[in-house]
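Asker:
Number of protein chains: 2
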Amino acid sequence: MTATFSGPRLSRLRVPARDELTPSARRLADTTEKAEGYVPNWIEAFALGGENTNRLNAYLFPLLEGAADSPGDLTGREREILATIVSVTNGCSYCHALHVDTLGKVLEDHWLAHRIGLHHAEVAELSDRERLLADLALTLTHTPGEISDDRIEALRAVGLSDEDIFEAVQVISIINATNRITLALGVLPDEQIFANR
Amino acid sequence: MTATFSGPRLSRLRVPARDELTPSARRLADTTEKAEGYVPNWIEAFALGGENTNRLNAYLFPLLEGAADSPGDLTGREREILATIVSVTNGCSYCHALHVDTLGKVLEDHWLAHRIGLHHAEVAELSDRERLLADLALTLTHTPGEISDDRIEALRAVGLSDEDIFEAVQVISIINATNRITLALGVLPDEQIFANR
Chain A
1 MTATFSGPRL SRLRVPARDE LTPSARRLAD TTEKAEGYVP NWIEAFALGG ENTNRLNAYL
61 FPLLEGAADS PGDLTGRERE ILATIVSVTN GCSYCHALHV DTLGKVLEDH WLAHRIGLHH
121 AEVAELSDRE RLLADLALTL THTPGEISDD RIEALRAVGL SDEDIFEAVQ VISIINATNR
181 ITLALGVLPD EQIFANR
Chain B
1 MTATFSGPRL SRLRVPARDE LTPSARRLAD TTEKAEGYVP NWIEAFALGG ENTNRLNAYL
61 FPLLEGAADS PGDLTGRERE ILATIVSVTN GCSYCHALHV DTLGKVLEDH WLAHRIGLHH
121 AEVAELSDRE RLLADLALTL THTPGEISDD RIEALRAVGL SDEDIFEAVQ VISIINATNR
181 ITLALGVLPD EQIFANR
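Quick mapping for you: the protein sequence lines, in order, are chains A and B. Each residue of the first sequence is one higher than the one before, counting from 1 in the UniProt record's numbering. Each residue of the second sequence is one higher than the one before, counting from 1 in the UniProt record's numbering.
1) Going by beta-carbon coordinates alone, are Thr22(A) and Ala47(A) separated by less than 9 Å?
2) Please list, in chain order, the chain A residues whose beta carbon lies closer than 7 Å to that of Ser70(B).
3) As a quick exercise: from Ala25(B), Lys34(B) and Trp42(B), pick the residue whose alpha carbon is nearest that of Leu183(B).
4) DSSP three-state call for Tyr38(A): helix, strand or coil?
5) Could you tell me whether the Cβ of Arg131(A) comes closer than 9 Å to any Cβ of chain B?
6) Does the Cβ-Cβ distance between Leu188(A) and Leu56(A) come in under 9 Å?
7) Helix or strand or just coil, what does DSSP make of Cys92(B)?
8) Return the first residue and the last residue of the alpha helix (DSSP H) that Gly117(A) is part of.
9) Give the interface partners of Glu167(A) over in chain B, defined as CB-CB distance under 8 Å, in chain order.
10) Check this for me: beta carbons of Glu78(A) and Arg129(A), under 9 Å apart or not?
11) Based on Cα-Cα distance, which residue from His142(B), Thr53(B), Glu191(B) and Glu33(B) lies nearest to Ile172(B)?
12) Am I right that Asp162(A) and Arg14(B) are in contact with their C-beta atoms under 8 Å? What's the rounded C-beta distance?
13) Quick one: which chain C residues come within Cβ less than 7 Å of Ile174(A)?
14) Looking at the unbroken alpha helix (DSSP H) that takes in residue 247(B), where does it start and where does it end?
15) Return the CA-CA distance between Ala83(B) and Ala154(B), expressed in angstroms with no decimal places.
16) Is Gly159(B) close to chain A, meaning its C-beta is less than 9 Å from at least one C-beta of that chain?
17) Are the C-beta of Asp128(B) and some C-beta of chain A separated by less than 9 Å?
18) In angstroms with no decimal places, state the Cα-to-Cα distance between Val123(A) and Ile152(B).
19) Is the CB of Pro8(B) under 9 Å away from at least one CB in chain A?
20) Considering only residues of the same chain and omitting the five flanking positions on each side of Arg115(B), which have a CB-CB separation below 6 Å?
21) Return the chain-ordered list of same chain residues with a C-beta closer than 7 Å to the C-beta of Pro62(A), the five sequence neighbours on each side being excluded.
22) Find the residues of chain A that neighbour Asp162(B), judging by a C-beta separation of less than 8 Å, and give them in chain order.
23) Let's test the definition: count the other Cβ atoms within 10 Å of the Cβ of Gly37(B) and tell me whether it reaches 16, buried, or not, exposed.
24) Counting C-beta neighbours from all protein chains within 10 Å, is the total for Thr178(B) 16 or more, i.e. buried, or is it exposed?
25) What would DSSP say about Gly76(B), mapped onto helix, strand or coil?
26) Should Ala3(A) go down as buried or exposed, given a rule of 16 or more other Cβ atoms within 10 Å for buried?
27) When DSSP labels each residue in this structure, what does Thr22(A) get in the three-state scheme?
28) Answer yes or no: does any C-beta atom of chain A fall closer than 9 Å to that of Pro40(B)?
29) What's the gap between the Cα of Met1(A) and the Cα of Leu185(A)?
30) Which residue's Cα is closest to the Cα of Ile85(A): Leu138(A), Gln170(A) and Arg26(A)?
31) Going along chain B, which residues have a C-beta under 8 Å from Pro144(A)?
32) Which residues in the same chain as Ile165(B) place their Cβ atom closer than 7 Å to its Cβ, once the five residues preceding and following it in sequence are excluded?
33) Ala67(B) by DSSP, collapsed to three states: which one?
34) Helix, strand or coil, according to DSSP, for Leu126(A) in the structure here?
35) Can you tell me whether Asp190(A) is buried or exposed, with buried defined as 16 or more other CB within 10 angstroms of its CB?
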């Protein structure tokens, strides 16, 4: 443990000072602080990756937020359901708190977001399509070798195009990556999220 | 299953024709074909993601190949050892074949590459630093919640900076993502790899 931290520790690794940040990382910190009222701990902790982290974010954000140039057409609700279920499944406390909170905002219902994260199979409010996507998230996280032609056919049968399915696969997979990065660093959950729920 | 494929199927999802590719995807296919003599199946299969895939590659390649603007300083051998061990561990046949082959080229020793992929703990040729990085790859793939302060301290003790450790964590994590994408699509291993080994 380094002596950098006072109070609960933000990350197992060194946390760069604000004036060390790349221009793009500083922009992200500033915009997020303006929008949310604070800089989430993951942004401070991940800044150690410099341009690599900027490239991660350039891939991650369009997948989570949707992008005009993306061939797939998942809803914002679907993207965040996937991110939430993967994060809870991987036992990433930081990601769990963050994605349940974001899903709560997307749904305008934090209680529903918690229920989806904790056990989506029991949530009657999900559509068939959402439930199949959520099932895909679990399988692809725990036992990725078990994805079969039948699973893909079932997703097509509820109206998803191959481009939509690929986008869901990418969302699930990159959250599996960000969960691992966050767990490796032991990023401290943002107290701002818990303070208001 | 669609009727797009004759012979062994390249992917579970639709494979875009060459003239559908984004300029950046076409450039990647062309450069790789020139360098390797063929277009690897993953490039054809992942092209369904359009600009999302281009953004994935923009994050992935600098992590695997090293980049001047990266704060970490892992060797090419270390990066590819990590990618190989994660791919074998996740049971991704395509990624297993591809990364063992690439590691074999980096080491100029395909036999050593196979031994590292299959059971690195028994490989005396690894340095302590490489062995600890390889152990990190296994833990962060299977049980990411078990990374501890002690594990990080042990990595520092063999000379890795916090930036190096973070880079290793990013390599391990993104390969966990690409393994899952590849398994979801069931990408057919490239026969060109197996033909020559």
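Positions of the beta carbon are idealized from the N, C-alpha and C atoms, including for glycine. In this text, all values refer to a predicted model and were calculated from it rather than measured experimentally.
Answerer: Straight from the coordinates:
1) yes
2) Gly50, Glu51 and Asn52
3) Trp42(B)
4) coil
5) no
6) no
7) coil
8) His110 to His119
9) Gly49 and Asn52
10) yes
11) His142(B)
12) 4 Å
13) The chain inventory of the structure shown lacks chain C, comprising the protein chains A and B.
14) Nothing can be reported for residue 247(B): it is not among the residues displayed for chain B, which extend from 1 to 197.
15) 21 Å
16) no
17) no
18) 39 Å
19) no
20) Val123
21) Ser70
22) Leu13, Arg14 and Leu48
23) exposed
24) buried
25) helix
26) Reliability fails at Ala3(A), whose pLDDT of 49 lies under 50, so the model's placement of it is uncertain and the value that follows must be treated cautiously. Ala3(A) is exposed by the Cβ-count criterion.
27) coil
28) no
29) Residue confidence for Met1(A) is low, a pLDDT of 45 falling below 50, so the modelled location carries little weight and cannot support an answer.
30) Leu138(A)
31) Asn90, Gly91, Cys92, Asn179, Arg180, Leu183 and Ala184
32) Ile152 and Leu155
33) coil
34) coil
35) buried
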